[in-house]
Amino acid sequence: MILVSACLLGIDCKYNGKNNYNEDLKKFLKDKKYIIVCPEQLGGLPTPRKPSEIIAGDGYDVLDGKKKVLNLKGDDVTDYFIKGAYESLKIAKLYGIKKAILKARSPSCASFKIYDGSFSGKLREGVGVTTALLKKNGIKVLNEENYREYIE
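Using this note's numbering, the letters of the sequence shown correspond one by one to residues 443 to 594.
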């Protein structure tokens, strides 16, 4: 069983009310068991919503209470991201999930690089809040750009 970001499979749950549909990923998953999640919706954020970024840290820092997630208006949405991470983990544990394919660069789901918190489109090394929690619990997290390298 694989945990998959809902936006990658065409669910309109992205911050702007759209999705990140990935046809190749959908074909890859055709004969596999998977369950979809949107950590931001599970955390209670509406769709659409203001874009959010982790400020001067990454998902591990957010979970440790050292950094915040702010939206473009400057509102603190950290608690929503943490709640969504824990709800996603709950689902993963319920289904015995050991692998996830989550949206690259997302403040929830990023597995290698995240936006730098300046809302300028610049990237830096780091993981999202949900990815950090899943990794802390032994779940391998990949994204739509590298999943084939690790899951077959």
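Note that the Cβ used here is the ideal one computed from N, Cα and C, for glycine as well. Quantities reported herein were computed from a predicted structural model and do not represent experimental measurements.
Along the chain, where does the beta strand (DSSP E) that runs through Ser-494 open and close?
-> Where Ser-494 is concerned, the enclosing beta strand (DSSP E) starts and stops at 494-496.
Should the stretch 497-507 be regarded as contacting the stretch 559-579, the criterion being three or more beta carbon pairs within less than 8 Å?
-> Yes, they touch.
Where Leu-514 sits in the DSSP three-state scheme | Under the three-state reduction of DSSP, Leu-514 is assigned to coil, being neither helix nor strand.
Close Cβ partners of Tyr-463 (< 6 Å) along its chain, the five nearest in sequence each way excluded = Hits under 6 Å: Gly-452.
For Ala-542: DSSP bridge partner residues | Paired residue(s): Leu-445 and Val-583.
So who's on the other strand from Arg-491, going by DSSP bridges?
-> Beta bridge pairing from DSSP links Arg-491 with no other residue.
Cβ pair Leu-531, Asn-579 closer than 9 Å = Cβ distance < 9 Å, so Leu-531 and Asn-579 count as in contact.
Looking at the structure shown, is Tyr-557 part of a helix, part of a strand, or coil, going by DSSP?
-> In this structure, Tyr-557 counts as strand in the three-state DSSP scheme.
Do you know offhand how far Ala-552's Cα is from Lys-525's?
-> When rounded, the separation of the alpha-carbon atoms in Ala-552 and Lys-525 is 16 Å.
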